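Here is the structure we will look at, set down as structure tokens.
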Amino acid sequence: MVRRTKEEARATRDRLLDAAERVFQQHGVSRTSLNEIAAAAGVTRGAIYWHFRDKADLFNAMMERVTLPLEETARRSSDPVLEDPVEHVRRTWLEALTRMVADPQMRRVFEIATHKVEYVAELQAVRERHLAVRNDCLGHVQRGLNQAMRRGQLATRLPARAAALGLHALIDGLIQNWMLDPDAFDLVRVGRQVLDTYLAGLAAAPRPPASEARRARGIRTTAAAAVKAARRS
582 MVRRTKEEAR ATRDRLLDAA ERVFQQHGVS RTSLNEIAAA AGVTRGAIYW
632 HFRDKADLFN AMMERVTLPL EETARRSSDP VLEDPVEHVR RTWLEALTRM
682 VADPQMRRVF EIATHKVEYV AELQAVRERH LAVRNDCLGH VQRGLNQAMR
732 RGQLATRLPA RAAALGLHAL IDGLIQNWML DPDAFDLVRV GRQVLDTYLA
782 GLAAAPRPPA SEARRARGIR TTAAAAVKAA RRS
């Protein structure tokens, strides 16, 4: 009986989240009431308050259903055991772009979060979570890029924080533009192209072969000796 009750509660919660997606997408978040969501889900308003504190809590739960796997993957970017943090970051963002195209639910939820929500008073908790998730993601990517810089995999001419911000803005901007007109370009193909170009710009210059390095040192040594000789004369 207890197990059945838990399953029923979970089913009701999922039904409310499904209804919230549909109604938020149709009317926008600020123009949607909890009564409308309850009606769309076929439950009472009281059922909403059993599972969620308010509309912001419901909205954040709707987001978490589709974003938590991506957030967990992004957090692994700073794992010190990663041999190639840059490649992990690359795969993480490409996975996000691929899921955006292939998963209708993820696309619907991101459309709501991007185009159908206003950070008015009752939704300040939505803004706070949005910022917290963004900052958490940026922090892990930044630490991953820092590791790559210490290992000589990336150049240090651009601070890791700035590189992480630029990468986030690049992917976020691509997704937002694509959602305005999905037929305008292939999100995954273009995303891979610009992502690879961006990361290539951050890469450290390849080390010259040992023979060339020895030759360069020899030239510098000879030049230094010539300068000293000229000064003595």
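Each residue of the sequence shown is one higher than the last, beginning at 582 in our numbering.
Note that beta-carbon positions come from the ideal geometry of N, C-alpha and C, so glycine has one too.
It should be emphasised that the depicted structure is a prediction, and the values quoted were computed from it without experimental measurement.
Segment limits, alpha helix (DSSP H) that includes residue i
i: Q734; result: Segment: none, Q734 is in no alpha helix (DSSP H) and carries neither H nor E.
i: D777; result: L768 to L783
i: A624; result: The question names Ala, but residue 624 in the sequence shown is Val. Segment: none, V624 is in no alpha helix (DSSP H) and carries neither H nor E.
i: D638; result: K636 to R656
i: G754; result: A741 to L761
Distance CB(residue i)-CB(residue j) smaller than 8 Å
i: R742; j: Q728; result: no
i: A622; j: R656; result: no
i: S658; j: P666; result: yes
i: F640; j: V610; result: yes
i: V698; j: E602; result: no
i: A695; j: M760; result: At residue 695 the sequence reads Thr, which differs from the Ala that was named. In this structure, M760 lies closer than 8 Å to T695 by Cβ.
i: V670; j: G725; result: yes
i: A786; j: L735; result: no
i: E676; j: T654; result: yes
i: G782; j: L755; result: no
Residue closest to residue i, alpha-carbon to alpha-carbon, out of the options
i: W674; options: K697, L748 and K636; result: L748
i: R591; options: T613, E617, N616 and I629; result: I629
i: N845; options: K636, L776 and A713; result: Since the displayed the chain opens at 582 and closes at 814, residue 845 lies outside it and no answer follows.
i: R703; options: R612, G782 and C718; result: Checking the sequence, you will find Glu at residue 703 rather than Arg. Per the Cα distances, R612.
i: R646; options: G754, R594 and V769; result: R594
i: A750; options: M730, D767 and L776; result: L776
Min CB distance residue i to chain D below 8 Å
i: A677; result: The structure shown has no chain D; it contains just one protein chain.
Quick one: which unbroken alpha helix (DSSP H) runs of 4-plus residues sit fully inside the segment 673–704? Chain order, please. 685–696
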